[in-house]
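Each remark here refers to the structure printed beneath this line.
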Amino acid sequence: MTTETPPLTALSLTHVQFDASDKIAYLFAYITLAPIFIVVGYVTTILARREITTINMFIGQIACEALNGVLKSLMKEKRPTDKLGKGYGMPSNHAQFIGFFTMFSVLYLYRRIKFQQNAWKHLIALGLLGFAGAVSCSRVYLNYHTPKQVLVGIAFGATFAIMWYFFIEHILRPRQLFKVIVDSPIAKFFYLRDSANIQDVVRFEYLNWVAFENELKKRGEKDDGGMKID
Numbered sequence: 001m002t003t004e005t006p007p008l009t010a011l012s013l014t015h016v017q018f019d020a021s022d023k024i025a026y027l028f029a030y031i032t033l034a035p036i037f038i039v040v041g042y043v044t045t046i047l048a049r050r051e052i053t054t055i056n057m058f059i060g061q062i063a064c065e066a067l068n069g070v071l072k073s074l075m076k077e078k079r080p081t082d083k084l085g086k087g088y089g090m091p092s093n094h095a096q097f098i099g100f101f102t103m104f105s106v107l108y109l110y111r112r113i114k115f116q117q118n119a120w121k122h123l124i125a126l127g128l129l130g131f132a133g134a135v136s137c138s139r140v141y142l143n144y145h146t147p148k149q150v151l152v153g154i155a156f157g158a159t160f161a162i163m164w165y166f167f168i169e170h171i172l173r174p175r176q177l178f179k180v181i182v183d184s185p186i187a188k189f190f191y192l193r194d195s196a197n198i199q200d201v202v203r204f205e206y207l208n209w210v211a212f213e214n215e216l217k218k219r220g221e222k223d224d225g226g227m228k229i230d
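Using full-length UniProt numbering, you'd call the opening residue of the sequence shown number 1 and step up by one each time.
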């Protein structure tokens, strides 16, 4: 009795089809993988920084992805071609993903982060918007989505980001929920923190580092009989 081998399928997470002779398509094939790189960045940042804000943003990003699945099942609009991509095409998952990421980042940048020169905010915001535009264009250029599917995806992602930011910063934060979380034994065990109320986090952390280095030098001078540590 022979057992038939079940048909195999490919993991399409990083499987992007494009015309190798087209240099623009070659570039867009890498740009369109941005959501994967961003998720890796989320996880890396959460593990390294242990910041409540990053965790909240990541939870919102996951919720936005779940919303995309619901919207696709309701709209049931096909992709430009059946040969590329799986499932329905409306709204574009990539566009909705990058729409949420960009809008939430820009909101947090302008409302929570302080630089000595505000020009940095504008440059970062323009960079984020340009990157979001490149990711969105890649989906159309590579023929995975129609322009309408991409625009609708961006609109849903950006709108969800605004709603999520409002929910986090204007409903949960005023009720001191995050303070309760960071003061809990579990949060302290994992070194979770909430730096949202520190306007210039970069300067704050730099001054803490300088104070730490000065303390090390003082200890070295005392322990080594006056020897200075460079």
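Heads up, the beta-carbon is just placed ideally off N, CA and C, and yes, glycines get one too.
Proximity winner among the options, relative to residue i (alpha-carbon distances)
i, options, result
"G153", "M103, L216, A48, A119", "M103"
"F28", "A158, K72, A196, S136", "S136"
"L177", "F204, F101, I52", "I52"
"N68", "I38, V40, I46, F100", "F100"
"I46", "I171, K114, R193", "R193"
"H94", "V70, L129, K114, Y144", "Y144"
"L71", "V40, Q96, G130", "Q96"
"Q117", "G220, V202, L84", "V202"
Cα-Cα separation between residue i and residue j, rounded to whole angstroms
i, j, result
"A48", "T54", "11 Å"
"L207", "Q149", "47 Å"
"residue 249", "D183", "For the chain, the structure presents residues 1 to 230; residue 249 sits outside this window and is missing."
"P174", "I168", "9 Å"
"I124", "Q199", "17 Å"
"D82", "V106", "35 Å"
"L142", "T44", "29 Å"
"A196", "A20", "45 Å"
"R111", "R50", "21 Å"
"A63", "P35", "14 Å"
"L151", "D22", "24 Å"
"I38", "E65", "13 Å"
"S138", "T146", "11 Å"
"A158", "V140", "19 Å"
"H170", "K179", "14 Å"
"K86", "P80", "11 Å"
Neighbour-count burial assignment, residue i, 16 or more Cβ in a 10 Å radius
i, result
"M75", "exposed"
"G89", "buried"
"P91", "buried"
"F156", "buried"
"Y26", "exposed"
Same chain, Cβ closer than 6 Å to residue i, five either side skipped, listed in chain order
i, result
"W164", "G60"
"I181", "A187"
"A134", "I31"
"A161", "F100, M103, F104"
Same chain only: Cβ atoms within 8 Å of residue i, ignoring 5 sequence neighbours per side
i, result
"residue 258", "For residue 258 there is no data in the structure shown, the boundaries of the chain being 1 and 230."
"S73", "Y88"
"K121", "L109, Y110, I113, F115"
"R219", "none"
"V16", "A29, T32, L33, L142"
Own chain residues within Cβ distance below 7 Å of residue i, not counting five before or after
i, result
"L11", "Annotation note: pLDDT 47 at L11 (below 50); position unreliable, coordinate value reported separately. Contacts found: none."
"K78", "Y88, G89"
"L129", "T102"
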